[in-house]
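This is how it looks when you write it as structure tokens:
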């Protein structure tokens, strides 16, 4: 089932359940996916779907940080609910230990040993964990292992 089909089904379910928070988030995701589909001019592949969802998730996480820093804690719970809804559509996220294992294996494969190899390691790791790990987490793990 494609992302848009899944979103349509969940949209109907949220409407029937009168779940306004889920409904608005699913509508937003459906809109983002539809806009991306129009932009690329074809049905989205699973990688493109994950990219759209990851972008939407990152926007919400960044907003939580900004609202917290600005003292707008009243807006944070709504965004955290949106984050939970978006995460339902993403693949299971890798933990720090799993990311560390992937980074270590990649470092051995590409022969990385110093900070100068940071770009080479990141370039090799990110396609492997696309949609399954946050870029900030991967970045911090790579930096710590290269130090």
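Residue numbers (my numbering): 1466 to 1612. Each residue gets a CB set at the ideal place from its N, CA and C atoms; glycine is no exception.
Is residue i near residue j, with beta carbons less than 7 Å apart?
i, j, result
"residue 1571", "residue 1594", "no"
"residue 1606", "residue 1565", "yes"
"residue 1491", "residue 1501", "no"
"residue 1544", "residue 1528", "yes"
"residue 1487", "residue 1498", "no"
"residue 1522", "residue 1495", "no"
"residue 1525", "residue 1548", "yes"
Based on Cα-Cα distance, which residue from the options lies nearest to residue i?
i, options, result
"residue 1589", "1575, 1532, 1548", "1575"
"residue 1597", "1543, 1484, 1567, 1503", "1567"
"residue 1514", "1469, 1578, 1611", "1469"
Would you say residue i lies against chain D (beta-carbon separation less than 7 Å)?
i, result
"residue 1532", "In summary, chain D is missing from the structure at hand, where a single protein chain is found."
Given a threshold of 16 other Cβ atoms within 10 Å of its Cβ, counted over all protein chains shown, does residue i qualify as buried or as exposed?
i, result
"residue 1539", "exposed"
"residue 1550", "buried"
"residue 1553", "exposed"
"residue 1530", "exposed"
"residue 1534", "exposed"
"residue 1482", "exposed"
Between residue i and residue j, which are expected to be in contact by the criterion C-beta below 8 Å, what is the C-beta distance as a whole number of angstroms?
i, j, result
"residue 1559", "residue 1583", "Wrong, their Cβ atoms sit about 20 Å apart, outside the cutoff."
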